[in-house]
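Peer 1: Numbered by my numbering, the letters in the sequence shown go through residues 22 to 436 in order.
Every residue gets a Cβ at the ideal spot worked out from N, C-alpha and C, and that includes glycine.
Provided herewith is a single structure, encoded as structure tokens, for subsequent inquiry.
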Amino acid sequence: MEGNLIIKNANELVTCSGFKAKQGKEMSDLKIIYDGAVVIEDGIIKEVGKTEEILDKYNENDYEVIDAKDKAVLPGFVDSHTHFVFGGYRPEEFSWRLRGDSYMEIMERGGGIVNSVEATRKASKEELLETGRKRLNSMLAFGVTTVEGKSGYGLDYDTEIKQLEVMEELDKNHPVDIVKTFLGAHAIPKDYKGKEDEFIDFIIDKVLPDVAERKLAEFCDIFCEKGVFSVEQSRKLLNKAKEYGLKPKLHADEIVQLGGAELAAELGAVSADHLLQASDKGVKDMAEAGVVATILPGTAFSLKEPYARARYMIDQNCAVALATDLNPGSCFTESIPLIFSLATLYMDVTTEEAITALTINGAAAVGRADTIGSIDVGKKGDIVILEFPSYKYIPYHIGVNTVEKVVKNGKLVYD
Ligand code: NIG
Ligand code: FE
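Structural data, given as structure tokens:
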């Protein structure tokens, strides 16, 4: 499914040009070409420039053509943190939270993640494929061309593998590219309560080796949180994961300041995510180590927690990415417009920074800044065309999808 395509006359061709994460001030520069055009051959971007120059050089008749007059054209969005493969739903927990129960209280009394674990263990592969496919369709309509997906609703060998296999199959059969993350240490399963060290050893000895050998995941993640897994347990698992060739990621400093951000820097993690409570030192360490700070404002919104200090992080020269965290518990949304609204209106992130955070920095958060996340020669032809002439309409048109067309590998896949 690879296309030969010219997109021409783009009012704003927002290239986000770059091949690595943008830190701090760099996040403001979207490298826009006005009246821009892109040439894609065999799914790969061949040339980027002013429409006039491109049409002088290339014969439109040899290509599919999209006329983007009065439209803004951007790189496909990269949603770099989701848990989109899961069984069942937890709407009653949402109602309990509205009444005042906290996410951790619900978890402590036996609900939360383990609730979805039961449903995911019971779900057949076909059911997970079906719901996963529907969620991918919805993400694609929001302009997402690459998504990261985590396991973590199995917490046993068979179901962790099943979730990863479902993502592998969806990746082959759906236009959205899927980056797979092994999150076997997402919660403590009921039969390991009080035996957290044993559970980490089980993950290390019994599941991780097969995940690595079968190349079922590129990343290994852990929920490093008070009452879940400690900094020591996280260090142990992620160091082992590195030995097996999986790159580390962390759910870090979400509810309690545990030192997850500092650990991410120490380990050279690709990203640390959530970070609502990250310390000043943790932020500084991450900026120095080049760890992408992935901010998930939908989760803070849904849990009614204070937002992560995205402004501070950018000012401290961090590379910030934004993602949905789509999951059945803390944040059941795949809405990119919601993420834009929250980041810009409540976190002091500019529209330009938010776009960088959802494109090239999202790509960096999944280790793919060299192949996706910007409109640059040599990258995949993954492109979003808005209904409006400027990227500025994205947060301005509150809560509404401004994406009109999506191109994946040079093929129009959503219109
Ligand atoms: O990223 N914080 C831990 N994990 C998920 C929530 C998963 C769930 O509640 O099902 C998160 O928010
Ligand atoms: Fe998450």
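Indicate the three-state DSSP secondary structure (helix, strand or coil) for serine 292 in the structure shown.
Peer 2: By 1-based counting over the sequence shown, the position of residue 292 is 271. DSSP places serine 292 in strand when its eight states are reduced to three.
Peer 1: By alpha-carbon positions, which one of Leu296, Ala31, Ala286 and Thr392 ends up nearest to tyrosine 333?
Peer 2: Locating residue 333 in the sequence shown gives position 312, counting from the first residue. Per the Cα distances, Leu296.
Peer 1: Look at the alpha carbon of leucine 347 and the alpha carbon of aspartate 294, and state the distance between them as a whole number of angstroms.
Peer 2: Taking the sequence shown and counting its residues from 1, the one referred to as residue 347 is at position 326. Taking the sequence shown and counting its residues from 1, the one referred to as residue 294 is at position 273. C-alpha separation (whole angstroms): 13 Å.
Peer 1: Among Ile415, Gly215 and Gly431, whose alpha-carbon lies nearest the alpha-carbon of valine 424?
Peer 2: Along the sequence shown, one-based indexing puts residue 424 at 403. Checking every option, the nearest Cα to that of valine 424 belongs to Ile415.
Peer 1: Whether or not the region 377–394 and the region 54–62 are in contact is what I'm after, with contact meaning three or more pairs of Cβ atoms, one per stretch, closer than 8 Å; do they touch?
Peer 2: No: the two stretches stay apart, fewer than three of their Cβ pairs being nearer than 8 Å.
Peer 1: So the alpha helix (DSSP H) aspartate 122 belongs to, where does it begin and stop?
Peer 2: In the sequence shown, the residue the question calls residue 122 occupies position 101. Aspartate 122 -> no alpha helix (DSSP H), and no H or E assigned at all.
Peer 1: Let me make sure I understand the geometry here. Which of Leu191, Lys268, Pro358 and Glu129 has the alpha-carbon closest to that of lysine 214?
Peer 2: Residue mapping note: residue 214 aligns to position 193 of the sequence shown, counting from 1. With distances taken between Cα atoms, lysine 214 lies closest to Glu129.
Peer 1: What residues are listed by DSSP as bridge partners for cysteine 245?
Peer 2: To locate residue 245, count along the sequence shown from 1; it is residue 224. Answer is Phe250 and Ala273.
Peer 1: Which residue from Leu379, Glu217, Ala290 and Gly350 puts its Cα closest to that of serine 362?
Peer 2: Counting from 1 along the sequence shown, the entry for residue 362 is found at position 341. Nearest option by C-alpha distance: Leu379.
Peer 1: If you measure between the beta carbons of histidine 207 and leucine 176, is that distance less than 8 Å?
Peer 2: Along the sequence shown, one-based indexing puts residue 207 at 186. Along the sequence shown, one-based indexing puts residue 176 at 155. In contact: histidine 207 and leucine 176 (Cβ atoms closer than 8 Å).
Peer 1: Under the three-state reduction of DSSP, which class applies to alanine 58: helix, strand or coil?
Peer 2: For the purposes of this step, residue 58 is taken as residue 37 along the sequence shown, with counting starting at 1. It is a strand residue.
Peer 1: Please specify which runs of the beta strand (DSSP E), each continuous and at least 3 residues long, are wholly inside the region 291–356, giving them in chain order.
Peer 2: Counting whole runs of 3 or more residues, the region 291–356 contains the beta strand (DSSP E) stretches 292–295, 313–316 and 340–343.
Peer 1: Apart from the five residues just before and just after isoleucine 117, which ones in its own chain have a Cβ nearer than 7 Å to its Cβ?
Peer 2: Taking the sequence shown and counting its residues from 1, one reaches residue 117 at position 96. Checking the sequence shown, residue 117 turns out to be tryptophan, not isoleucine. For tryptophan 117, where only same-chain residues beyond five positions count, the Cβ hits under 7 Å are Ile127.
Peer 1: How should aspartate 212 be labelled, buried or exposed, when 16 other C-beta atoms within 10 angstroms of its C-beta is the threshold for buried?
Peer 2: One-based indexing of the sequence shown puts residue 212 at position 191. Classification of aspartate 212: exposed, given that the 10 Å Cβ count is below 16.
Peer 1: With distance defined between alpha-carbon atoms, name the residue in Ala93, Pro210, Asn382 and Lys67 nearest to leucine 34.
Peer 2: In the sequence shown, residue 34 corresponds to position 13, counting from 1. For the residues Ala93, Pro210, Asn382 and Lys67, the minimum Cα distance to leucine 34 belongs to Ala93.
Peer 1: Which one of Asp436, Gly64 and Ser411 has the shortest CA to CA distance from serine 91?
Peer 2: On the sequence shown, position 70 is the one that residue 91 refers to. Reading off the sequence, residue 91 comes out as aspartate, not serine. Nearest option by C-alpha distance: Ser411.
Peer 1: Contact between the region 351–368 and the region 325–341: three or more CB pairs below 8 Å?
Peer 2: Yes, they touch.
Peer 1: Quick one: is arginine 120 buried, meaning 16 or more other Cβ sit within 10 Å of its Cβ, or exposed?
Peer 2: Locating residue 120 in the sequence shown gives position 99, where the first residue counts as 1. Per the 10 Å Cβ criterion, exposed.
Peer 1: Nearest-angstrom Cα distance between leucine 229 and valine 138?
Peer 2: If you number the sequence shown from 1, residue 229 lands on position 208. If you number the sequence shown from 1, residue 138 lands on position 117. Spanning the two alpha carbons is a distance of roughly 18 Å.
Peer 1: Taking the alpha carbon of leucine 407 as the reference point, which residue from Ala262, Ile276 and Asn32 has its own alpha carbon closest?
Peer 2: Within the sequence shown, numbered from 1, the residue matching residue 407 stands at position 386. Nearest of Ala262, Ile276 and Asn32 to leucine 407, Cα basis: Asn32.
Peer 1: On the DSSP letters alone, give me the boundaries of the beta strand (DSSP E) that threonine 202 sits inside.
Peer 2: Looking up residue 202 in the sequence shown gives position 181. Run containing threonine 202: 198–206, per the beta strand (DSSP E) assignment.
Peer 1: Give me whichever residues DSSP pairs with aspartate 88 in a beta bridge.
Peer 2: Here residue 88 corresponds to residue number 67 of the sequence shown, with the count starting at 1. Aspartate 88 is bridged to Lys29.
Peer 1: Is the beta carbon of histidine 104 within less than 7 Å of some heavy atom of the ligand FE?
Peer 2: Taking the sequence shown and counting its residues from 1, the one referred to as residue 104 is at position 83. Flag set: Cβ of histidine 104 near the ligand FE.
Peer 1: When you compare only the Cα positions, how much space is there between glutamine 184 and aspartate 100?
Peer 2: As a first step, residue 184 must be located in the sequence shown, where it is residue number 163. As a first step, residue 100 must be located in the sequence shown, where it is residue number 79. Each residue's alpha carbon lies about 18 Å from the other.
Peer 1: So is the beta-carbon of asparagine 348 under 7 Å away from any non-hydrogen atom of the ligand FE?
Peer 2: By 1-based counting over the sequence shown, the position of residue 348 is 327. Under cutoff, so the answer is yes.
Peer 1: For the region 147–155 and the region 65–82, state whether three or more C-beta atom pairs, one from each stretch, are separated by less than 8 Å.
Peer 2: Contact fails: fewer than three Cβ-Cβ distances are below 8 Å.
Peer 1: Within the same chain, show all residues whose beta-carbon is closer than 6 Å to that of serine 292, passing over the 5 residues directly before and after it, in chain order.
Peer 2: For the purposes of this step, residue 292 is identified with residue 271 of the sequence shown, where counting begins at 1. The answer, listed in chain order, is Lys270, Val313, Thr315 and Ala386.
Peer 1: Do histidine 272 and the ligand FE come close, with the Cβ less than 7 Å from some heavy atom?
Peer 2: To locate residue 272, count along the sequence shown from 1; it is residue 251. Result yes, Cβ under 7 Å from the ligand FE.
Peer 1: State the beta-bridge partners of isoleucine 53 as determined by DSSP.
Peer 2: Within the sequence shown, residue 53 is the residue found at index 32, counting from 1. According to DSSP, which records beta bridges pairwise, isoleucine 53 is partnered with Val35.
Peer 1: The ligand NIG and serine 123: does the residue's C-beta get closer than 7 Å to at least one heavy atom of that ligand?
Peer 2: As a working note, residue 123 is residue 102 in the sequence shown. Serine 123: no, Cβ never under 7 Å from the ligand NIG.
Peer 1: Tell me the DSSP bridge mates of glutamate 169?
Peer 2: The sequence position of residue 169 within the sequence shown is 148, counting from 1. According to DSSP, glutamate 169 bridges with Val200.
Peer 1: Could you check whether the Cβ of threonine 320 sits closer than 7 Å to any heavy atom belonging to the ligand NIG?
Peer 2: Here the question's residue 320 lines up with position 299 in the sequence shown. Yes.
Peer 1: Does the ligand NIG have even one heavy atom less than 7 Å from the beta-carbon of cysteine 245?
Peer 2: As a position in the sequence shown, residue 245 is number 224, starting the count at 1. No, the beta carbon of cysteine 245 sits no closer than 7 Å to any heavy atom of the ligand NIG.
Peer 1: Kindly list the residues whose CB is nearer than 8 Å to the CB of glycine 70, restricted to its own chain and excluding five residues on each side of it in sequence; keep chain order.
Peer 2: Residue 70 sits at position 49 when you count from the first residue of the sequence shown. Ile54, Gly57 and Ala58, listed in sequence order.
Peer 1: Over the uninterrupted beta strand (DSSP E) stretch that includes glycine 70, give me the two end residues.
Peer 2: As a working mapping, residue 70 is identified with position 49 in the sequence shown. Start and end: 65–71.
Peer 1: Quick check on lysine 432: does DSSP put it in helix, strand or coil?
Peer 2: As a working mapping, residue 432 is identified with position 411 in the sequence shown. It is a strand residue.
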